[in-house]
Amino acid sequence: MKRFKPFTIALFVASLVFAPLFLNTYQVDVLNSIGLYTLLALSLNLILGEAGLFNMGHAAFYAIGAYTSAILNTRYQIPILWTLPLSGLIAGLFALVVARPVVHLRGDYLLIVTIGVGEIVRIALVNDVFGLTGGANGIFSISRPKLLGFTIRQPQEFHYLIWGFVALTIFLFIRLKQSRFGRALNYLREDEVAAEGIGIDTNYYKLAVFGLGAAWAGMAGTLFAAKMTIVSPESFSFWESVMLFMIVILGGAGSITGIVVAAFLVIGLPELFREFAGARMLVFGLVMMVMMVVRPQGLLPARSQQLSPTLLKESNR
Amino acid sequence: MEEFIQQLTNGLAVGGIYALIALGYTMVYGVLKLINFAHGDLFTYGAYLGLTLLTSLALTDRLGFTLGMVVLVLMVMGLVAVLGAILERAAYRPLRESPRLSAVVSALGASIFLQNALMLIYGARFQVYPDNILPTATLNIFGLYLPLMRVLIVLASVLMMIVLYVFIQKTRIGTAIRAAAIDQGAARLMGIDVNRVILMVFLLGPALGGIAGLMVGLYYGQVNFTMGWVYGMKAFTAAILGGIGNIPGAMVGGLLLGVIEALGAAYLSIAWKDAIAFCVLILILIIRPTGLLGERVADKI
Amino acid sequence: MKKRLLILVAALGLALGGGVAQAAETVKIGLMAPLTGSWASEGQGMKNIVALLAEQQNAKGGALGKPIEVITEDDGGDPRTASLAAQRLTTKGVVAVVGTYGSSVTEASQAIYDEAKIPQIANGSTAIRLTEKGFKHFFRTAPRDDEQGRMAAQTIGKLGFKKVAILHDSTSYAKGLADEANALLKKQGVDVVFFDALTPKESDYTAILTKLKGANPDVVLFTGYYPEAGQLLRQKKGMNWKTPFIGGDATNNADLVKIAGKEAAEGFYFLSPPQPQDLDTPEAKAFLTDYQKKYNELPPSIWAVLAGDGFRVAVAGIAGAKSTDGDKVADYLHTRLKNYSGLSGPISFDAKGDREGDVYRVYKVDAEGKFVLQKL
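Protein chains in written order, with this note's numbering: chain A, 1 to 317; chain B, 318 to 618; chain C, 619 to 994.
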């Protein structure tokens, strides 16, 4: 299957850069939502797509990042964007701690454990754990982010912040994919026993990728907190994890371009279907089903899946 | 002590329902290695269909209570089973040779579709079963209050599970299902029509889920279009707890989950009840990575 | 395939841009409501009532001589969707917005409307903090949690209960009310013997009831919503437990009795703003007759009625300010709208945008399953 031509990519980037000039605030805000979910789906893709670890509780890490930023900002007045690395760190560490004893579990058992972790985190947030999270109210009056002395307020301004971060993420993740680390993850996904056979420390790689994916989701959480200025448990329900899961699989697990396209569809379509009012989620469910049936490998499946393992090395360019 | 036993019975009643739904998850998983996320919604359809049939046909008035109930149960089982078969045909069969997770996403899409279809047909408000259909007698055993119906619910679910177990173990079709669960390719070579086996599984599982829905509707009286998510997730948890793919495992997992929830609520915290249940699940999986009764099998994805 | 995908994505972008075409000139009022998701039943009730009122208002000449157009957006009961719905309404040129239900959902949209200078009149959001932020364009027809907490404590005192169990459901509304009531009851010297939360949307609460019974209270204050309240009452009766229950205003829903059954619901107290059927103003009477004629039932919930009041207040504000300018309408609502005859009693707003005066009444369910206004 052919890749996107550089021209197509340039066109896509250009239309994103100039989008705020032509679109109204609502449309830009939809793009922002898509950007945020692209970011989250890319981070989940490391775990689910690249390493093949079934994770349906990604919202937990996203939540921890968002709450870390919110708490640091509202209690200690730390500018919200400065909390970015710390949110990533805490979400990543949390993932390491919870993944450590369970990461060896077989596919579906890991799936339910991650769902469980997601629910435990949500319940903890609702019950105001350690008196930090504000219970069901969540945390509000988070200050607006400042970048180089400029306060980011309008959706148009967030557009550049979010999509800039997406661009950086894509750049880094492509590098990661091509590295030793990325290749090891793919071996792990294709055949764990064989991977162990050629000397890959599977447990180390599984944990590392869990931590990294979670850290990235945590940073996406910071952006979410900055954009919404309020975080509350509703935003991190099981449903969010399900949507991210759908984006990654629909895009074609392991394929970055596929995930960007899928994020546009999964987040964009319900907005597009607003014309159907109460029936919009009905149509959305149907479309998800049909798309999966029509493109069972995902919209743009990663190339390595279609090659025999011996060719994997070349496929990674 | 009295309170403990009361809580135990509370838990068993809820667990019986979980177990019935969990059977559907576990049977489909056993044969197809597919987590049928739409199964919880089939359960909801059972509850809604039961309500519609009950009120529009006035079965219990015309046929008397016992006969009316039997007819109602059979109709709900039949209709939900047909729905399950259609679902398999539309959403899962085209994906049988695809990566497993694609079918999971298709299942999630189907779940969203089914749930919202129900909302559009019946409206978003809670639907309420007519009261005074079931006898409301309460048994008083040594100071314990046990509504008669709760006892009957537990008995009915256990009975159905035993029937299913015998069916799977003793009949020809049951043997075929077990064979297909172990190795579809080999089963096909032995002359087993795997498509029929899968169809069978998608008739049986939803039928049981449908009954569970009907029982919840009849006993608790209110049904709503999102309840499949809650029950489905609990039942899936129960299936994993017992070892997914294993039929006695689903029964044990369901009953155990119900009891854990009740005791967790009683002695630790009500608000943290679900978190406690998940913690216990994770602990059990750390100790027994394939659930309580799950067999250790090589992972083939 | 690539091309088709690209076209699909491009079409998505274009379609999102659609719908800007201007029709004949109308006064646009937005309704932000949960049409899908867990609170869909409330949202659909809100939509029905506002649609009826808009129809009637247009028959009377609309607003400022132009017909009123109601633009409804789904907030899905979720903050992120709500912020998108709010952005969408602002770009569609609405002059006022009615809604929405959940407090945190409303909160995610407040700043957007305020920055766009569009008056927002929430109908179900009772969290105290919403009006403590100094938003000029924010109003609500729903009373605040502290107001209701005060009323709950007062009622329990008047009914003479000494040992109270408080049960909420961890939603921000129910928790807020439970906290308020808890603090006030303790101050009154009432013993709070139990304080915990159930998980909403389950069917079986016997484990919780068994525990509650063990705490042996005189009365149980349940601050959550009607489906759970109905279920609790029903299962309480199954356990042969006679202790009375008191509910907050979220239990005011005709379905409560249907869920619990008449026998189990009898004797249940709850607090609520008055229902239209208990007001003898001509507006409330006319509304009830018309509503029953159109939809063939009583209004499903007080929150939907409060959305109707939100709509009527918005129209009154526009008429009173003789303008659709957000600042002028907001000023009018803050200062000059006094004792407006609402469907839920008289409405005036204070400087924060909260409703003034005593809104709450006490109701009791009788043997027929009817909600009877109590004089205490």
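Glycine is no exception: its CB is placed at the ideal position from the N, C-alpha and C atoms.
Alpha-carbon spacing of residue i relative to residue j, whole angstroms
i, j, result
"residue 250 of chain A", "residue 579 of chain B", "39 Å"
"residue 728 of chain C", "residue 415 of chain B", "46 Å"
"residue 955 of chain C", "residue 921 of chain C", "21 Å"
"residue 181 of chain A", "residue 204 of chain A", "11 Å"
"residue 609 of chain B", "residue 106 of chain A", "14 Å"
"residue 281 of chain A", "residue 659 of chain C", "15 Å"
"residue 530 of chain B", "residue 499 of chain B", "30 Å"
"residue 565 of chain B", "residue 487 of chain B", "15 Å"
"residue 641 of chain C", "residue 690 of chain C", "Residue placement at residue 641 of chain C is flagged as unreliable, the pLDDT there being 48, under the threshold of 50; a coordinate-derived value is accordingly withheld."
"residue 47 of chain A", "residue 198 of chain A", "21 Å"
"residue 247 of chain A", "residue 266 of chain A", "6 Å"
"residue 567 of chain B", "residue 521 of chain B", "15 Å"
"residue 515 of chain B", "residue 353 of chain B", "13 Å"
"residue 744 of chain C", "residue 8 of chain A", "50 Å"
"residue 961 of chain C", "residue 857 of chain C", "39 Å"
"residue 364 of chain B", "residue 680 of chain C", "45 Å"
"residue 184 of chain A", "residue 213 of chain A", "16 Å"
"residue 417 of chain B", "residue 846 of chain C", "38 Å"
"residue 688 of chain C", "residue 697 of chain C", "22 Å"
"residue 69 of chain A", "residue 83 of chain A", "5 Å"
"residue 541 of chain B", "residue 113 of chain A", "27 Å"
"residue 942 of chain C", "residue 645 of chain C", "8 Å"
"residue 783 of chain C", "residue 830 of chain C", "7 Å"
"residue 885 of chain C", "residue 350 of chain B", "52 Å"
Short Cβ contact (8 Å threshold) for residue i with residue j
i, j, result
"residue 842 of chain C", "residue 786 of chain C", "yes"
"residue 889 of chain C", "residue 980 of chain C", "yes"
"residue 393 of chain B", "residue 366 of chain B", "yes"
"residue 755 of chain C", "residue 934 of chain C", "no"
"residue 211 of chain A", "residue 92 of chain A", "yes"
"residue 138 of chain A", "residue 230 of chain A", "yes"
"residue 496 of chain B", "residue 507 of chain B", "yes"
"residue 319 of chain A", "residue 39 of chain A", "Residue 319 of chain A falls outside the range modelled here, since chain A spans only 1 to 317, and no answer is possible."
"residue 701 of chain C", "residue 790 of chain C", "no"
"residue 323 of chain B", "residue 443 of chain B", "no"
"residue 657 of chain C", "residue 717 of chain C", "no"
"residue 987 of chain C", "residue 838 of chain C", "no"
Extent of the continuous alpha helix (DSSP H) run through residue i
i, result
"residue 486 of chain B", "465-487"
"residue 646 of chain C", "Note, residue 646 of chain C: premise wrong, no alpha helix (DSSP H); beta strand (DSSP E) at 645-651."
"residue 856 of chain C", "844-856"
"residue 346 of chain B", "319-349"
Reduced DSSP category for residue i - H, G, I as helix; E, B as strand; rest coil
i, result
"residue 890 of chain C", "strand"
"residue 665 of chain C", "helix"
"residue 919 of chain C", "strand"
"residue 872 of chain C", "coil"
"residue 973 of chain C", "strand"
"residue 67 of chain A", "helix"
"residue 783 of chain C", "strand"
"residue 150 of chain A", "strand"
"residue 910 of chain C", "helix"
"residue 737 of chain C", "coil"
"residue 750 of chain C", "coil"
"residue 317 of chain A", "Confidence is the limiting factor: at residue 317 of chain A the pLDDT is only 31, short of 50, which leaves the residue's position unreliable and the question unanswerable from this model."
Opening and closing residue of the beta strand (DSSP E) in which residue i lies
i, result
"residue 840 of chain C", "837-840"
"residue 992 of chain C", "989-992"
"residue 457 of chain B", "455-458"
"residue 963 of chain C", "963-965"
* To do: Pair every Cβ in the stretch 566-576 of chain B with every Cβ in the stretch 329-340 of chain B, then say whether three or more of these pairs are closer than 8 Å.
  => yes
* To do: Flag this pair as touching only if the stretch 120-128 of chain A and the stretch 589-607 of chain B have three or more C-beta atom pairs under 8 Å; answer yes or no.
  => yes
* So does the stretch 960-973 of chain C actually touch the stretch 747-764 of chain C, counting three or more Cβ pairs closer than 8 Å? -> yes
* Would you check if there are 3 or more beta carbon pairs closer than 8 Å linking the stretch 233-240 of chain A to the stretch 166-176 of chain A? => no
* Would you say the stretch 899-907 of chain C touches the stretch 692-700 of chain C, given that touching needs at least three Cβ pairs under 8 Å? -> no
* To do: Decide if the stretch 734-750 of chain C is in contact with the stretch 761-775 of chain C; the criterion is three or more beta carbon pairs, one per stretch, under 8 Å apart.
  => yes
* Asked: On the three-pair Cβ rule with 8 Å, is the stretch 288-299 of chain A touching the stretch 421-441 of chain B?
  -> yes
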